[in-house]
Amino acid sequence: MNGSPPVVRLDGITKRYGAVAANQDIRLDIHSGRIHALLGENGAGKSTLMGILSGMVQPDSGRILIDGQPRAFRSAREAITAGIGMVYQHFMLVKAMTVAENVFLGYPGVLLNRRRMEETVAQLARRFGLDIDPAARIGTLSMGERQRVEILKLLFRDSRVLIFDEPTSVLTPRESEHLFDALRRMAAQGKAIVFITHKLDEVMALSDDITILRRGSVIEGLATTAVTSKHELARRMVGRDVLLQVQREPYEPRQLVLRVDGLSNAGLRDIRLEVRQGEILGVVGVAGNGQKPLVEAICGLTAPAAGVVRILGEDWHRFYTHRRWDGNLAYIPEDRRGLATCRNLDLVDNFLLTTRQGFCRGPWLLRRRATRKALRLIRDFAIQPADTRISARQLSGGNLQKLVLAREFFRRPRLIVAEQPTQGLDIAAIQDVWNLLLNARKAAGILLITGDLTEALMLADRLAVMSAGRIVDTFPVDDADKLDRIGLMMAGSAA
Ligand SMILES: Nc1ncnc2c1ncn2[C@@H]1O[C@H](COP(=O)(O)OP(=O)(O)OP(=O)(O)O)[C@@H](O)[C@H]1O
Ligand SMILES: [Mg+2]
């Protein structure tokens with residue numbers, strides 16, 4: 016596959032969490048000058064393995080060899096000193112400081128003046144194609160720019176191996192392209208890149224080597240040239256065919272469940288939209304163009320400065336204060352770990368978080384009844400492992416998302432607001448979640464907020480394109496002329 020000796024060799028890495036073998040006897044070589052994609056279903060062990068390589072997680076057994084020499088890292092700092100750096104998803108930057116100050120932060124060495132620091136950072140940025148203003152404060156930067164600062168920190172410390180764990184999940188399509196260019200330049204200059212992703216297009220476009228994990232073990236290590244298609248990659252990953260096809264019933268919109276008219280708020284300008292039972296309205300656009308404030312206004316988290324929000328025919332304020340939301344509205348937030356679930360509670364308690372009705376008698380909670388119900392949902396929605404006593408943190412991303420959907424759909428909502436419902440999920444889980452949403456569309460109107468155009472086209476009946484806090488246009492998904500121009504609309508051009 017590659018003649019030169021590897022920079023990193025993982026040799027028999029094993030890590031268990033209780034009964035779960037997160038990594039089992041993993042052998043893996045990483046080469047300089049190459050981009051190595053690490054794939055696998057949710058919970059396959061990708062982040063654990065890279066956590067071990069970057070010094071964040073201690074393995075139970077196995078060796079890490081750097082340039083053929085065995086090394087043990089007790090901390091991220093030790094790994095960085097050995098030339099191995101991880102670009103974290105939740106950036107660890109000081110917001111009040113500048114780009115250059117962050118890059119130099121904690122660097123043991125001579126004190127430099129501001130101009131020299133900024134020049135050094137600018138040079139490094141140019142060399143690797145990481146466009147950034149070294150004097151800008153972190154707080155003013157986009158997600159893509161912050162990620163570039165994280166990368167620069169590692170490059171400044173001469174990292175030879177750079178690890179990215181789902182780096183494009185926080186990026187716009189354009190920022191992703193920018194990142195890919197930078198990754199190619201880093202590889203061309205001899206860096207080794209490890210890239211974890213669920214997006215098979217990215218794998219096909221970017222990687223030189225591919226390793227697939229399944230339930231903690233390497234099932235395949237292969238050169239990209241050996242893989243003929245995304246389809247084949249998906250099959251190898253999941254162990255069966257995944258077609259990414261959905262069952263879609265005919266479009267029969269019925270009564271109005273959501274009407275927004277003239278809504279203006281911080282970050283929103285004169286929004287108008289309608290959702291009917293039996294339809295999915297896909298709100299598409301580059302993240303950060305008003306999707307968040309729109310969801311907050313509809314879900315009663317902020318009060319609109321101007322305009323009308325009516326849910327099931329009631330003004331939003333009346334709807335939320337008269338408890339009509341109870342069961343009628345389901346909100347699937349983007350962050351299933353933060354807002355939607357409690358990581359240390361078991362699955363029954365997580366189920367009860369938004370669903371008390373029918374499980375209380377006076378002051379008493381009917382826990383046995385709730386457990387029975389939760390177990391049925393777990394079976395109906397094929398949540399793994401099917402055990403109500405485990406805590407939410409023990410579920411993989413896809414299974415946690417299915418738990419949230421199961422809980423919310425159990426309440427038979429008539430309006431569903433789903434925000435990036437498949438972000439970070441593996442393809443098998445995406446297929447499940449897509450089908451669950453289409454199934455829920457029979458009884459509910461669904462507002463689907465997504466940055467993934469494929470997902471919007473797969474699920475939505477109509478699309479609303481958002482840009483700069485406005486809805487630029489709304490049209491049926493089969494309007495080919497409009498679809499042709501959707502990229503331009505998302506970039507802010509008039510419809
Ligand atoms: N700190 C922990 N405590 C207990 N179990 C853990 C811990 N970290 C990971 N696990 C378990 O180890 C397994 C592998 O998890 P890991 O996060 O490495 O998967 P992943 O491949 O990165 O999945 P995803 O695609 O969802 O990010 C999972 O079953 C997970 O629940
Ligand atoms: Mg992970």
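Heads up: take any position in the sequence shown, counting from 1, add 15, and you land on this note's numbering. Just so it is clear, CB atoms sit at the ideal spot from N, CA and C, and this is done for glycine as well. Keep in mind the model is a prediction, meaning the values are calculated, not measured.
In the DSSP output, what is residue i paired with across the bridge?
i: Ala-321; result: Ser-279
i: Val-35; result: Tyr-32
i: Asp-330; result: Arg-325
i: Val-23; result: Ile-45 and Ile-81
i: Asp-499; result: Paired residues: none, contrary to the question.
i: Asp-15; result: The chain is shown from 16 up to 510; residue 15 falls before or after that span and cannot be answered.
i: Gly-377; result: BP columns for Gly-377 are empty, so no partner.
i: Glu-247; result: Bridge partners of Glu-247: none, in fact.
i: Ile-347; result: Ala-433
i: Arg-274; result: Glu-289 and Arg-325
i: His-51; result: Val-209 and Asp-224
i: Val-233; result: Leu-228
i: Ser-76; result: Thr-29
Below 6 Å CB to CB, which residues in the same chain sit around residue i once its five sequence neighbours on both sides are set aside?
i: Lys-417; result: Phe-396 and Ile-398
i: Pro-491; result: Arg-477
i: Tyr-513; result: The requested residue 513 does not occur in the structure, where the chain is confined to residues 16 to 510.
i: Asp-467; result: none
i: Leu-169; result: Gly-100 and Leu-177
i: Gln-372; result: none
i: Ala-355; result: Pro-348 and Val-419
i: Glu-165; result: Val-102 and Phe-106
i: His-51; result: Ile-45, Val-209 and Asp-224
i: Glu-311; result: Thr-317
Can you list, in chain order, the residues of its chain with a C-beta nearer than 7 Å to that of residue i? Leave out the 5 residues immediately preceding and following it.
i: Arg-42; result: Leu-25, Asp-26, Gly-27 and Val-233
i: Leu-288; result: Val-275, Leu-296, Ala-479, Ile-486 and Thr-489
i: Lys-214; result: Thr-183
i: Ala-475; result: Ile-295, Leu-296, Gly-297, Leu-463 and Val-492
i: Asp-205; result: The sequence given here places Gly at residue 205; Asp does not occur at that position. Here the set comprises Ser-47 and Gly-48.
i: Leu-271; result: Glu-289 and Arg-291
i: Ala-202; result: Gly-48, Arg-49, Ile-50 and Ile-208
i: Thr-187; result: Gly-159, Val-301 and Ala-302
Once the 5 residues before and after residue i are set aside, which same chain residues still bring their CB inside 8 Å of it?
i: Asp-40; result: Gly-27, Ile-28, Thr-29, Gly-77 and Ser-232
i: Ala-510; result: Below a pLDDT of 50, predicted positions are generally treated as unreliable, and Ala-510, at 49, falls in that range; no measurement from the model is reported.
i: Phe-171; result: Val-118, Phe-119, Tyr-122, Thr-135, Val-136 and Leu-139
i: Pro-20; result: Asp-82 and Gly-83
i: Met-65; result: Leu-53, Met-101, Ile-178, Asp-180, Val-209 and Ile-211
Hey, does residue i have any beta-carbon neighbour from chain B nearer than 8 Å?
i: Ile-398; result: Given the protein chain composition of this structure (a single chain), no chain B is represented.
| task | Could you say if the stretch 223–230 and the stretch 182–200 meet the contact criterion of at least three C-beta pairs nearer than 8 Å? | result | These segments do not touch.
| query | Using 8 Å as the Cβ pair cut-off and three pairs as the minimum, do the stretch 75–84 and the stretch 435–451 touch? | reply | no
| message | What ranges does the beta strand (DSSP E) occupy inside the stretch 407–492, keeping only unbroken runs of at least 3 residues that lie completely in it? | response | 430–434, 460–465, 477–482 and 485–491
| In chain order, which continuous runs of the beta strand (DSSP E) of length 3 or greater are located wholly inside the stretch 292–319? | 295–299
| said: Using a strict less-than 7 Å threshold between each residue's beta carbon and the heavy atoms of ligand 2, what residues do you get? | reply: Qualifying residues come out as Lys-61, Ser-62, Asp-180, Glu-181 and Ile-211.
| Entirely enclosed beta strand (DSSP E) segments - the stretch 81–119, minimum 3 residues | 84–86 and 99–102
| said: Quick check for students: name the residue ranges of the alpha helix (DSSP H) that lie wholly in the stretch 146–228, counting only runs of 4 or more. | reply: 158–171, 188–203 and 215–221
| query | Can you find at least 3 beta carbon pairs, one from the stretch 449–459 and one from the stretch 321–332, that sit closer than 8 Å? | reply | no
| Is the stretch 92–109 touching the stretch 256–265, taking contact as three or more C-beta pairs under 8 Å? | no
| When the Cβ atoms of the stretch 346–364 are set against those of the stretch 386–395, are three or more pairs found closer than 8 Å? | yes
| field | Segment contact, 8 Å Cβ cut-off, at least three pairs: the stretch 294–312 with the stretch 461–473 | value | Verdict: yes, contact present.
| field | Three or more C-beta pairs below 8 Å linking the stretch 380–391 and the stretch 342–353 | value | no
| Contact between the stretch 443–455 and the stretch 247–261: three or more CB pairs below 8 Å? | yes
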